[in-house]
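Numbered by mature numbering (1 follows the signal peptide of the UniProt record, and there is no 0), the letters in the sequence shown go through residues -24 to -1, 1 to 323 in order.
One structure is given below, encoded as structure tokens.
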Amino acid sequence: MRHTPVCYILTALMGLTAGQSALAADFPSDLRGGYNDQGWEDSPFEGVEFTAGMRYWYSMGAQNVESFGESFTSNDTTHFGELYLRVDDNYTNSFVNLAGGYSALINGTFSNSADGVTDAAITDGKVAYFMGDFGYMPIHFEDGDNSGGLGLIAGYQYWNDSPDMGRGNYATIDSAADVSWDIGTGQPIYGGDSTVNNLDVNALRLGVVGQADLGAFHISAEAAAIPYAQVNGTLAARIVPTTDFGSYQVTQSGPTEFNGNGYGGTAQVMVGTSFDNWNFNVGGRAWYLEARGEARYEVATITDAVDSEPDGTYETDGSVALQNYVTDLDAFSMWRYGILAELSYSF
């Protein structure tokens, strides 16, 4: 048998290794190294800019509700703290805006014709909101150091506007089981509760936005229509006071509730400057909404117990009849506007 000399194999391997070393020495330096070493990996946030911050909103607001021939109005001054976040995608020229605020201090006056209240003080309550918008900026322009753009937004707004307007009392009667009768007088006995003014709005927002960077300062503005809003809540009012007609009583046996659909609009303008990624902005904001719908409440008619024997003991219970009443909202509107200040950071 023939054997290939080992020395021949070793010589061939040494020659191949030497050739590869020489080739590597002449390889362009920018093509050497690993994938990550050359910076070819893509950052998940490349081209994305975040702006987060806080806002203070000094606002004045008002409500007007008319139904059942009664009117309920309020005028208030409210101070808000707000958190704000904006995410810009520079590749697609799109952005997302998120903002939410809560009242820190409320004062004002309210009137409630159903309870005979006029210009009573508002010292408490709740006003809260959340807005989430998606925007697209297809139009851009540049002129030297100045730049700007125009675009569209579509979004959602939640708005709870509930200054303290007292409490609306009512009887807690759902059936005859909720009523007992005094055997000595025949008078009905039942529990009660009350409700505060509470108004919720869930709205669709469609609008236009614009922004301009003028070097030393920048301007942003938006105007949005609210083509549809769902409105519901309770009024701090008792439409039917408890009245004793001798042999029976009539009383409101549930809260005064309302629901409907509305429309309106919002606007906001901010002017400010930036320094080391910090943004300082001031401006104004205004919201308006009006709606139509229904208001409803329940009335209980309760008869006295009967002394059947008669021996001074009212041993036969009276009866309970419940009736729901529904009427149109004759008018419903609310608005809020004021001065806005922002401190935010972009990264």
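Ideal Cβ placement from N, Cα and C applies to all residues, glycine included.
> Which ranges would you report for the alpha helix (DSSP H) in the segment 176 to 201 if only whole runs of at least 4 residues count?
Replying inline: none
>> Please tell me whether ILE149 and ALA276 are closer than 8 Å, where the distance is taken between their beta carbons.
In response: yes
> What residue ranges within the segment 94 to 181 form continuous beta strand (DSSP E) runs of no fewer than 3 residues, ordered along the chain?
Replying inline: 101 to 119, 122 to 139, 143 to 147, 155 to 157, 164 to 166, 168 to 172
> Is the CB-CB distance between THR27 and SER322 below 8 Å?
Replying inline: yes
> What residue range is occupied by the uninterrupted beta strand (DSSP E) comprising ASP252?
Replying inline: It is not in any beta strand (DSSP E) - ASP252 carries neither H nor E in the DSSP assignment.
> What first and last residue would you give for the beta strand (DSSP E) that runs through ALA80?
Replying inline: 70 to 88
> Which residue from ASN173, GLU266, LEU305, ARG272 puts its Cα closest to that of residue 343?
Replying inline: Past the edges of the chain, shown from -24 to 323, lies residue 343, and the structure says nothing about it.
>> Against chain D, with Cβ distances strictly below 8 Å, would SER156 count as a contact?
In response: This model lacks chain D altogether; it includes just one protein chain.
>> Quick test of your reading: ASN66 and ALA104, contact by CB under 8 Å. State the CB separation rounded to the nearest angstrom.
In response: About 33 Å; that fails the 8 Å criterion.
> Among the residues of its own chain, which have a CB less than 8 Å from the CB of SER123, if the five just before and after it don't count?
Replying inline: HIS116, PHE117, ALA188, ASP189
> Quick one, are the C-beta atoms of ARG272 and GLU318 less than 8 Å apart?
Replying inline: no
>> Please classify PRO114 as buried or exposed, where buried requires at least 16 neighbouring CB atoms within 10 angstroms.
In response: exposed
> Who are the Cβ neighbours of PHE256 in its own chain at under 7 Å, not counting the five residues just before and after it?
Replying inline: GLY248, THR249, LEU319
>> Bridge partners for SER43 per DSSP, in chain order?
In response: GLU46
>> Which same chain residues end up closer than 7 Å to ASN235 when comparing Cβ atoms and leaving out the 5 residues on each side of it in sequence?
In response: VAL207, ASN208, GLY269, GLU270
>> Looking at the secondary structure, which residues open and close the beta strand (DSSP E) in which LEU298 lies?
In response: 296 to 304
>> Judging by CA-CA distance, which residue of ILE82, ILE159, GLY120, ARG214 is the nearest neighbour of ARG143?
In response: ARG214
> Can you tell which of ASP64, ASP176, ASP252, VAL184 has its C-alpha closest to the C-alpha of GLY238?
Replying inline: ASP176
> For ALA179, which option in TYR134, SER70, ASP293, HIS194 has the closest C-alpha, if you only look at C-alpha atoms?
Replying inline: TYR134
> For ASP220, which beta-bridge partners are listed by DSSP?
Replying inline: GLN225
> When DSSP labels each residue in this structure, what does ASP293 get in the three-state scheme?
Replying inline: coil
> Between LEU61 and ASN73, what straight-line distance do the alpha-carbon atoms span, to the nearest angstrom?
Replying inline: 6 Å
> Does DSSP classify ASP280 as helix, strand or coil?
Replying inline: coil
> Does DSSP put ASP65 in a helix, in a strand, or in coil?
Replying inline: strand
> Based on Cα-Cα distance, which residue from GLN225, TRP254, ILE129 lies nearest to GLN163?
Replying inline: GLN225
>> Alpha carbons only, please: which of GLU266, GLY294, ASN300 is nearest the one belonging to ARG312?
In response: GLU266
> GLY314 lies in the beta strand (DSSP E); which residues open and close that run?
Replying inline: 307 to 322
>> Using the three-state DSSP reduction, which class does ASP52 fall into: helix, strand or coil?
In response: strand
> Can you tell which of LEU126, THR227, PHE193, ASP287 has the C-alpha that lies nearest to the C-alpha of GLN299?
Replying inline: THR227
> Roughly how many angstroms separate the alpha carbons of TYR290 and SER223, rounded to a whole number?
Replying inline: 13 Å
>> Here's the rule I'm using: 16 or more other beta-carbon atoms within 10 Å means buried, otherwise exposed. How should TRP263 be labelled?
In response: buried
>> Using the Cβ count rule (16 or more neighbours within 10 Å means buried), how would you classify LEU211?
In response: buried
>> Quick check: what's the CA-CA separation for GLY127 versus ALA307?
In response: 35 Å
> SER138: which of THR279, GLY84, PHE251, VAL258 sits nearest, CA to CA?
Replying inline: GLY84
> If we count the other Cβ atoms within 10 Å of its Cβ and call it buried at 16 or more, is GLU274 buried or exposed?
Replying inline: buried
>> Here's the rule I'm using: 16 or more other beta-carbon atoms within 10 Å means buried, otherwise exposed. How should MET107 be labelled?
In response: buried
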